[in-house]
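Heads up, the thing below is written out as structure tokens.
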Amino acid sequence: MNAALAAAAMSSSFAPLGKPAGWIEVVCGSMFSGKTQELIRRLRLATIARQKVVTFNSKLDVRYGRNHIISHDKLKIPCIAVSHPREILERVAADTQVVGIDEVHFFDPSVIEVCEKLADSGRRVIAAGLDQDYRGQPFEVTARLMSVAEFVTKNLAICVVCGNPANRSQRLSPTRKRISVGAADTYEARCRRCFKKDHK
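Mapping of the sequence shown onto this note's numbering: residues 947 to 1146, in sequence order.
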């Protein structure tokens, strides 16, 4: 896909001629890199373009509320909280054009098939999530979704230690659970040099 067509596809007003062509967009990065903010921005633009939008989040994420996706800087958009990816397919209406999914790494790998089915049906799918866990290891769900997506945006945060670009999430709590929902009290954005893989 050439640059001009890619730019057009990224626009929420892009409407292919003939049968609608679906695609998948992934917004990934570390904690505090603006993933949810970018997801909300794209979904709002789609709404302004009068497209039918529905957004989903994991029931695991209750940091700011259950009925809205809310970024760290308090931007928000209504959402449906689900426990399993199959619920997404069940809740997408026939006339839905754009589907947003936040915290995609919280879901099991079946979310990849769900995203592909939605895109194959002619819908635009925008998924946001962490690409690495607190150990600096890839989240398999995000990595696999990136491999089948048409568009991938990797956001960088700012390292709280040195101010350099940060692509890792330093966990501050002692828990060893791979999935541990938290915000500024639990995580910091760190660069490659300042990240401590074995931090306790």
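A virtual CB, placed ideally from N, CA and C, is assigned to each residue, including glycine. The model shown is predicted, which means the values in this text are computed figures rather than measured ones.
DSSP places His-1014 in the strand class (E or B) of the three-state scheme. Excluding residues up to 5 positions away in sequence, Lys-998 and Val-1000 lie with their Cβ nearer than 8 Å to the Cβ of Ala-1039 in the same chain.
Less than 7 Å separates the beta-carbon of Lys-1100 from that of Gly-975. Scanning Leu-1091, Gln-1078, Asp-1079 and Glu-1049 for the CA closest to the CA of Lys-1063 turns up Leu-1091.
Annotation for Pro-1055: Glu-1086, Val-1087 and Arg-1090 place their beta carbon closer than 8 Å to its own, counting only its chain and skipping 5 residues before and after. Within the same chain, Cβ atoms closer than 6 Å to the Cβ of Arg-1136 are found at Cys-1105, Ala-1112, Arg-1114 and Gln-1116, the five residues on either side in sequence being excluded. Looking at the backbone, the Cα of Phe-1097 and that of Val-973 are separated by about 9 Å. Three or more beta-carbon pairs separated by less than 8 Å are not found between the segment 1071-1087 and the segment 1028-1042, which leaves the two stretches without contact. Looking at the DSSP output, Phe-1002 sits in a beta bridge with Ile-1026 and Ile-1047.
When secondary structure is reduced to three states using DSSP, Arg-1037 falls in the helix class. Using a Cβ distance threshold of 7 Å, Ile-1072 and Glu-971 count as a contacting pair. The beta carbon of Gln-983 lies closer than 7 Å to those of Ser-1017, Asp-1019 and Leu-1021 in the same chain, with the five residues before and after it left out. Minimum Cα-Cα distance from Gly-1109 among the listed residues Pro-1120, Phe-1141 and Ser-1029 corresponds to Phe-1141.
Judged by beta-carbon spacing, Asp-1048 lies within the 7 Å limit of Leu-985, meaning their Cβ atoms are closer than that value. Under DSSP, Tyr-1133 forms a beta bridge with Arg-1117. With a cutoff of 7 Å on beta-carbon distance, Leu-1035 and Val-1057 are scored as not near each other. Ala-995 carries a coil assignment under DSSP once its states are collapsed to helix, strand and coil. Assigned with DSSP and collapsed to three states, Phe-1052 falls in helix.
With a threshold of 16 other beta carbon atoms within 10 Å, Ser-1004 meets it and is buried. For the 7 Å CB-CB criterion, Ser-979 and Ala-1103 form a contact. DSSP places Cys-1105 in the coil class of the three-state scheme, outside both helix and strand.
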